[in-house]
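*Asks:* Have a look at this one before I ask anything.
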Amino acid sequence: MTTTSARPLLGRHDEIARLLDLVGAAQQGQGGVLVLRGEPGIGKTALLEHVERAAPKEFQVIRASGAEFEGELPFASLHQLCVPVLAHLESLAPAYRDSLRVAFGLSEGTPDAFRVGLATLQLLATAASQRPVLCLVDDAHWMDAASAQALTFLARRVAAEPIVMVFAARDAGTLGGLDELPGLTVGGLSVAHARALLAEEKVLTLDERVRDRLLAEARGNPLALIELPKAGGFAPLAPSPVASRIERSFEARMAELPLDAALLLILASADPTGDPNLLWPAAQRLGLGVPAASASAEASGLVRFGTRTRFCHPLARSAAYRAAEPEQRRAAHRALAEATDPVAAPDRRAWHRAQATTGPDEEVAAELESSASRAQARGGVSASAAFLERAAELSLDPGRQSERTLAAARATLAAGRADAAGELLTGIDAESLDDLQHAALDLLRGQIAFARGAEGVVRGPELILRAARRLAGSDPHRARAYFVAALEMGLVVG
């Protein structure tokens with residue numbers, strides 16, 4: 001639950017006490033971490049905002065959030081968190097300074113995950129030596145894998161520093177290392193507190209029967225209690241998940257906005273960084289009347305503009321993006337690509353250009369291929385796969401398309417998604433491949449079959465042997481490597 005005003009939180013005494021205990025301990029030099037878990041709209045974001053307001057002025061508060069639309073970009077969330085303290089970068093040991101520069105795409109090289117974690121710890125410890133640091137990470141379930149690994153590493157080692165780390169995420173089980181950190185499940189409000197919250201909203205259009213149904217189906221979810229009545233009452237024909245109903249409420253409020261304000265919301269939703277230095281130039285490229293549009297958008301309560309653009313809730317951002325017409329989304333990404341520095345952020349620019357493109361575009365495909373190489377070098381296998389898959393989709397030349405699809409499947413398999421890798425290979429026209437490409441296709445199919453298990457473990461060595469035989473005459477060195485791979489796999493499966 002998030003609102004633009006600093007209203008008191010109802011029914012959250014225990015959660016607030018736990019958070020303030022961490023803040024108090026950090027004032028005494030002892031760091032701590034807590035992962036708030038719960039369903040969408042249950043109040044995790046509101047608790048983050050509450051502890052931000054309640055923290056003593058001596059604290060430096062730094063924030064980051066995972067973004068559904070940039071989960072493949074390596075170290076994106078970590079970079080968000082570290083931006084406010086990057087002034088301390090030059091004071092780090094050279095090895096740590098260089099590791100962060102590589103991780104954030106500021107220098108060439110391959111980052112070491114362990115060293116990136118240590119470098120982040122030293123960076124925040126340096127900042128905390130001047131004033132305690134409160135790190136707030138919202139939507140942690142959408143963090144990219146590289147950031148999640150680094151921040152989990154960091155969270156396990158802040159006990160000796162005046163650093164508090166609070167993550168907010170969906171329910172446990174899919175959070176990787178975050179699941180192993182101290183956690184607190186945020187549940188629904190009691191019936192009494194839910195009634196009190198609904199009464200605070202002063203919704204006069206609800207008769208008692210509708211009010212009772214709202215209370216029953218919201219199950220104490222604060223955002224549902226606040227937002228659903230704003231969509232014109234609560235009388236859906238059939239029950240639906242809370243998150244879907246809340247998103248529809250946000251969409252209804254967005255539909256009432258002037259066109260420029262709605263387009264500004266779409267533009268903001270398409271930019272996961274929340275950087276105003278990117279948003280406002282992009283808005284000007286779209287020809288939006290920025291002062292009036294931003295005033296109307298803020299008046300809706302859906303978004304706040306400041307040193308960073310922040311939606312009132314992650315579901316509001318998702319609703320704004322999904323409610324847009326395809327051409328509106330493409331225009332937003334196109335404007336963001338034009339406003340993005342091609343030297344400082346080439347991968348993000350390529351990503352926006354790709355989202356703005358509908359048909360084949362070899363120039364954009366080549367940019368994405370370069371981004372994939374950089375992502376691979378920085379340890380972002382999933383990002384590399386995503387860039388290559390989109391590059392294949394935009395390829396004009398059939399040969400280049402096949403090469404990029406094979407590379408995308410290879411990276412997807414390396415990221416541990418064998419089924420998705422196999423799905424990519426179904427789009428390749430095997431008849432158009434040369435011997436080397438055909439052998440690469442057989443090799444990948446064999447590796448995927450082996451990764452899937454069951455009868456695939458037998459088919460895997462057979463496919464790799466076929467790849468080796470294809471190359472025995474033309475490329476004996478590569479063929480030998482394939483024969484060895486088939487032998488090793490055969491030994492494993494018996």
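Using my numbering, you'd call the opening residue of the sequence shown number 1 and step up by one each time. Cβ coordinates follow ideal geometry from the N, Cα and C atoms, glycine included.
1. Given a threshold of 16 other Cβ atoms within 10 Å of its Cβ, counted over all protein chains shown, does Ala408 qualify as buried or as exposed?
2. Just checking, does the stretch 188-199 make contact with the stretch 54-71 on the three C-beta pairs under 8 Å criterion?
3. Could you check which residue in Glu325, Arg466 and His79 has the C-alpha nearest to that of Arg445?
4. What would DSSP say about Leu189, mapped onto helix, strand or coil?
5. Rounded to the nearest angstrom, how far is the Cβ of Gly257 from that of Ala316, given a contact under 8 Å?
6. Would you report the Cα separation of Arg349 and Ser370, rounded to the nearest angstrom?
7. Pull the bridge partners of Ser518 from the DSSP assignment, please.
8. Candidates Arg452, Ala319, Gly109 and Phe59: which alpha carbon is nearest Glu68's?
9. Could you spell out where the alpha helix (DSSP H) holding Ile163 opens and where it closes?
10. Any chance you could list the alpha helix (DSSP H) runs of at least 4 consecutive residues sitting entirely within the stretch 237-319, in chain order?
11. Contact defined as beta carbons within less than 8 Å: I believe Asp138 pairs with Pro314. What is the distance between those atoms, to the nearest angstrom?
12. Are there three or more Cβ pairs, one per stretch, closer than 8 Å when the stretch 114-128 is compared with the stretch 76-95?
13. Using the Cβ count rule (16 or more neighbours within 10 Å means buried), how would you classify Glu108?
14. Straight-line CA distance for Ala496 to His193?
15. Taking just the CA atoms, how far does Leu463 sit from Ala337?
16. In angstroms with no decimal places, state the Cα-to-Cα distance between Arg417 and Ile448.
17. Secondary structure at Leu424, three-state DSSP: helix, strand or coil?
18. Using DSSP's beta-bridge definition, name the partner residues of Gln60.
19. Is it buried or exposed for Ala485, if we count other Cβ within 10 angstroms and need 16 for buried?
20. As a quick exercise: from Leu20, Phe114, Thr309 and Glu247, pick the residue whose alpha carbon is nearest that of Leu264.
21. On the premise that Met143 lies in contact with Gly66, defined as a C-beta separation below 8 Å, what is that separation, rounded to the nearest angstrom?
22. Out of Leu424, Gly490 and Val83, which one is the CA nearest neighbour of Pro461?
23. Can you tell me the Cα-Cα spacing of Leu22 and Val33, whole angstroms?
24. According to the Cβ coordinates, are Phe537 and Ala146 closer than 8 Å?
25. Out of curiosity, what's the CA-to-CA distance linking Asp434 and Asn277?
26. Rounding to the nearest angstrom, what Cα-Cα distance links Gly422 and Ala479 in this structure?
27. With 16 as the cutoff for other CB atoms within 10 Å, does Phe104 come out buried or exposed?
28. Looking at the strands, I want to know which residues DSSP matches up with Leu184.
29. Is the beta carbon of Pro162 less than 8 Å from the beta carbon of Gly24?
30. Would you report the Cα separation of Asp442 and Arg452, rounded to the nearest angstrom?
31. Short of 6 Å in beta carbon distance, which residues of its chain neighbour Leu10, apart from the five on each side in sequence? Order them along the chain.
32. Could you tell me how far apart the beta carbons of Leu73 and Ala383 are, in whole angstroms, since I believe they sit closer than 8 Å?
33. Going by C-alpha to C-alpha distance, which of Gly399, Glu431, Ala386 and Asp429 sits closest to Ala411?
34. Using the beta-carbon count (16 or more within 10 Å), is Ala323 buried or exposed?
35. Check this for me: beta carbons of Ala468 and Phe450, under 8 Å apart or not?
36. Does the separation of the CB atoms of Leu48 and Leu154 fall below 8 Å?
*Replies:* The short version:
1. The residue is buried, with at least 16 neighbouring Cβ atoms inside 10 Å.
2. Flag = no, the stretch 188-199 and the stretch 54-71 do not touch.
3. When only C-alpha atoms are compared, the closest one is Arg466.
4. Collapsing the DSSP output to three states places Leu189 in coil.
5. The question names Gly, but residue 257 is Leu in the sequence shown. Their Cβ separation, rounded to whole angstroms, is 12 Å, which puts Leu257 and Ala316 out of contact at 8 Å.
6. Pairing Arg349 with Ser370, the inter-Cα distance amounts to about 12 Å.
7. Coverage of the chain is limited to positions 1 through 494, which leaves residue 518 absent and any answer about it impossible.
8. Here the closest residue by C-alpha is Ala319.
9. No alpha helix (DSSP H) holds Ile163; the beta strand (DSSP E) holding it covers Ile163 to Ala169.
10. Within the stretch 237-319, the runs of alpha helix (DSSP H) at least 4 residues long that lie entirely inside it are, in chain order, 242-255, 259-269, 276-285 and 290-299.
11. Their Cβ separation, rounded to whole angstroms, is 7 Å, which keeps Asp138 and Pro314 in contact under 8 Å.
12. Contact between the stretch 114-128 and the stretch 76-95 is present, because at least three Cβ pairs lie under 8 Å.
13. Exposed.
14. Given that the chain is displayed from residue 1 to residue 494, the structure contains no residue 496 and the question cannot be resolved.
15. Approximately 42 Å, taken between the alpha carbons.
16. If you take the alpha carbons of Arg417 and Ile448, they lie about 9 Å apart.
17. For Leu424, the three-state secondary structure derived from DSSP is helix.
18. Per DSSP, the beta bridge partners of Gln60 are Val133.
19. Flag for Ala485 reads buried.
20. Residue nearest to Leu264 within the set Leu20, Phe114, Thr309 and Glu247 is Thr309 (criterion: CA-CA distance).
21. With 8 Å as the limit, Gly66 and Met143 qualify as a contact, their Cβ atoms being about 4 Å apart.
22. Out of Leu424, Gly490 and Val83, Gly490 has the C-alpha closest to the C-alpha of Pro461.
23. If I take the Cα positions, the gap works out to 8 Å.
24. In this structure the chain extends from 1 to 494, so residue 537 is not present and cannot be described.
25. A direct Cα-Cα distance of roughly 48 Å separates Asp434 from Asn277.
26. If you take the alpha carbons of Gly422 and Ala479, they lie about 23 Å apart.
27. With a 10 Å radius around the Cβ and a threshold of 16 neighbouring Cβ atoms, Phe104 comes out buried.
28. According to DSSP, Leu184 bridges with Leu36.
29. Contact: no.
30. One Cα belongs to Asp442, the other to Arg452, and the distance between them is close to 15 Å.
31. Taken in chain order, the residues that qualify are His193, Ala196 and Leu197.
32. So it is a contact: roughly 5 Å between Cβ atoms.
33. Of Gly399, Glu431, Ala386 and Asp429, the residue nearest in Cα terms is Ala386.
34. With a 10 Å radius around the Cβ and a threshold of 16 neighbouring Cβ atoms, Ala323 comes out buried.
35. No, Cβ-Cβ distance for Ala468 and Phe450 is not below 8 Å.
36. If you check the CB distance, Leu48 and Leu154 do not come in under 8 Å.
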